[in-house]
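Visitor:
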Amino acid sequence: MDKVQVLLSTYNGEKYLQEQIESILKQEDVEISLLIRDDGSCDKTIEIIENLKRKNSNISYYPGDNLGPARSFMDLINKSGNFDYYAFSDQDDVWKPKKLISAINKLKQSNKPSLYMSSLEIVDENLNFIETKQVDGNFCFEGEMIKNFATGCTQVFNKTLMEIIKSYTPNYIIMHDSWITRVCYAIGGNVIIDNNSNILYRQHQGNVLGYQDEGFQKLKRQFKIAFLNKVRMRVNIAKELKNGYENLLSSNAREVIDNLISYPYDKKAKKWLLENKNFRTKDPKMNRKMKLSIYLNRF
């Protein structure tokens, strides 16, 4: 039976946490180990974890300072153990019993560093169905560097990819799920997209980020990153990928990364980004925003 370590970061999750952990422990046809890091909760989250830990020997837990989700999950990665497969978990969803084994059966089809992600069954706070959200994106390194399409709570990956991820911790990171996806693409790994869903993705007022993170609020957040903070987000990500994995990069990823790093001061690199047909998304509005950001050296 395959051994899977589930990495769960908690923060003030008392309302739904027990239901989520119980659904993880009920996964079929796999041997589960659950590693939890608490990101500075001040509600009953820790009490819930400790009660469940006393009843389940396969739960491990440690507290930490408030780092935010990205760095909390990266800390979990660095403290992960030796397992066949790994999975990220949010604190407020519900997993169907075959969520992990369905992913593992697909991951076993490749010996390369491999990452699985799936669609989402969107539900309200009472688990009433809202809609199914398919994974939407340009499924290639260029597309992922433009816009992240990963949802961490659906991700499952093999030991080969975990060993590569653990070998380098980036100084600059937006989210853990986008980082691992970009690394997998950059090194020529296998990214598996499943249009089926084995997760009830709960939407409620306490979501840190939800599937409805769109419209004005999303635009406001992107504007702040790109202009008010004067951060070239993709340039920083490209630099981290090169710093961490230069010897593992595919030739295609190396070309993309080198042009991203150079474009603010190299006209040829800027022209390459603007004219390369692969460096696009399926969304014309996103492509126009991308071109504007490149022209203004804020991409």
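Residue numbers (my numbering): 4 to 302.
The beta-carbon is built from N, C-alpha and C at its ideal position, and this holds for glycine as well.
Apart from the five residues on each side of it in sequence, which residues of its chain come closer than 6 Å, Cβ to Cβ, to N323?
Guide: Residue 323 falls outside the range modelled here, since the chain spans only 4 to 302, and no answer is possible.
Visitor: Suppose the cutoff is 8 Å on Cβ atoms and the five residues either side in sequence are ignored; what does the same chain contact list for S83 look like?
Guide: Same-chain partners within the cutoff: Q8, L10, L38, Y89, M165 and K169.
Visitor: Quick check on the burial criterion: 16 or more other C-beta atoms within 10 angstroms. Buried or exposed for Q158?
Guide: Buried: at least 16 other Cβ atoms inside 10 Å.
Visitor: Work out the CA separation of E278 and M293 for me, nearest whole Å.
Guide: Going from the Cα of M293 to the Cα of E278 covers about 12 Å.
Visitor: Have a look at P66, I133, P100 and A153 and flag the residue whose alpha-carbon is nearest the alpha-carbon of I35.
Guide: Of the listed residues, the one whose Cα sits closest to I35 is P100.
Visitor: Can you tell me which of K56, L70, G67 and N15 puts its alpha carbon nearest to the alpha carbon of K47?
Guide: For the residues K56, L70, G67 and N15, the minimum Cα distance to K47 belongs to N15.
Visitor: Skipping 5 residues on each side, what residues in its chain have a beta carbon closer than 6 Å to that of Q21?
Guide: I51.
Visitor: Candidates E124, I149, K102 and Y119: which alpha carbon is nearest G192's?
Guide: For G192, the nearest C-alpha among the options comes from Y119.
Visitor: I196 by DSSP, collapsed to three states: which one?
Guide: Looking at I196 - three-state DSSP - the assignment turns out to be strand.
Visitor: What's the C-alpha gap between V138 and P116?
Guide: Cα to Cα, the separation comes out at about 20 Å.
Visitor: Between the Cα of F160 and those of T184, I264 and K245, spot the shortest distance and give me the residue it belongs to.
Guide: Ranking the options by Cα distance to F160, first place goes to T184.
Visitor: What do you get for M148, buried or exposed, if any count of 16 or more other CB atoms within 10 angstroms of its CB means buried?
Guide: Flag for M148 reads buried.
Visitor: Determine contact between the region 123 to 131 and the region 257 to 276, defined as no fewer than three beta-carbon pairs at a distance below 8 Å.
Guide: They do not touch, by the three-pair rule.
Visitor: Which of helix, strand or coil does DSSP assign to K285?
Guide: Looking at K285 - three-state DSSP - the assignment turns out to be coil, as it is neither helix nor strand.
Visitor: From the DSSP output, read off the bridge partner residues of I39.
Guide: L11 and Y64.
Visitor: Given that a residue counts as buried once 16 or more other Cβ atoms are within 10 Å of its Cβ, and exposed if not, what is L231?
Guide: Bear in mind that the predicted position of L231 carries a pLDDT of just 47, short of 50, making it too unreliable to give a figure here.
Visitor: Could you check the C-alpha separation between Q23 and T172 for me, to the nearest Å?
Guide: Between Q23 and T172, the C-alpha separation is close to 28 Å.
Visitor: Within the continuous alpha helix (DSSP H) that includes M165, where are the two ends?
Guide: Unbroken alpha helix (DSSP H) run through M165: K162 to K169.
Visitor: Do E124 and S200 come within 8 Å of each other at the CB atom, strictly closer than that value?
Guide: Yes, they are a contact pair.
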